[in-house]
Amino acid sequence: MFDSRVIGVDPGVANMGLAVVERRDRRTRILSATTVRTTSGTPEAERIRLIAEAFRASIAEHAPGSVALERVAWNVNEASAMAVARATGAVLLVAAEAGLEVAEYGPLEVKNAVAGSGSSSKPQVREALRRIHALADVPTEPDACDAVAVAVTHLVRARFIDAIAKAAAR
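The sequence shown: position 2 = 88 (my numbering), numbered continuously.
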């Protein structure tokens with residue numbers, strides 16, 4: 087489930103963050119980070135199709151080993167959460183079609199893994215990506231930056247699980 091190239095997703099219908107992050111030779115780097123935007127007024131089914139199409143294209147271009155997805159926060163606006171859930175469904179479908187395993191992380195998990203505190207602000211998470219994780223070209227656009235953070239969370243967890251496995255083997 088843990089691979090060295092991960093596509094991170096910050097799901098949304100209006101704006102969906104997509105980032106491909108790779109860890110190789112103890113270095114982490116951003117291969118791609120963008121925000122997929124759909125136009126309000128477009129029928130929701132069409133917006134979901136556009137999101138799925140962009141995600142499918144990113145998988146085809148970057149060949150990730152897995153998908154890291156930010157889990158829907160239901161404690162926010164219910165209508166907004168429902169739209170995010172629909173976008174999440176599109177991501178899950180496309181990932182399954184591509185044969186990719188999906189790991190989901192809650193917002194607090196992402197902030198904690200990246201910045202060391204679940205109460206970190208978006209600017210603090212971005213700065214932690216730059217300083218702690220030594221990533222160049224961290225996007226300033228919030229959705230793309232969140233997608234990078236989700237992918238990095240997956241890679242951090244992979245290192246942690248690998249360390250536990252090595253310790254248990256001793």
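Built from N, CA and C at the ideal position, the CB exists for glycine as well.
Pair every Cβ in the stretch 202–222 with every Cβ in the stretch 130–150, then say whether three or more of these pairs are closer than 8 angstroms.
no
Just checking, does the stretch 181–190 make contact with the stretch 96–111 on the three C-beta pairs under 8 angstroms criterion?
no
Does the Cβ of Ala159 have 16 or more other Cβ atoms within 10 Å, making it buried, or fewer, making it exposed?
exposed
Alpha-carbon to alpha-carbon, Thr124 and Asn198
30 angstroms
Based on the DSSP output, what are the partners of Val188 in its beta bridges?
Val153
Since Ala237 contacts Gly94 with CB under 8 angstroms, what's their CB separation in whole angstroms?
3 angstroms
Buried/exposed call for Glu164, threshold 16 Cβ in 10 Å:
exposed
What are the residues that DSSP puts in a beta bridge with Asp96?
Gly103
Does the distance from the C-beta atom of His148 to that of Leu178 stay below 8 angstroms?
no
Applying the 10 Å Cβ sphere with the 16-neighbour rule, what's the burial state of Ile247?
exposed
Specify, as a first and last residue, the run of the alpha helix (DSSP H) that Ser166 falls within.
Glu164 to Glu183
Using a Cβ-Cβ cut-off of 6 angstroms (strictly less than) and excluding sequence neighbours within five positions of Gly98, which residues of its own chain qualify?
Val170 and Ala173
Glu227 versus Arg113, Ile218 and Val122, residue with shortest Cα-Cα distance
Val122
With distances taken Cα to Cα, identify the nearest neighbour of Gly192 among Ala214, Ser126, Ala235 and Ala100.
Ala235
Same chain, Cβ closer than 8 angstroms to Glu139, five either side skipped, listed in chain order:
none
Cross-strand partners of Glu213 (DSSP beta bridge):
Per DSSP, none; premise fails for Glu213.
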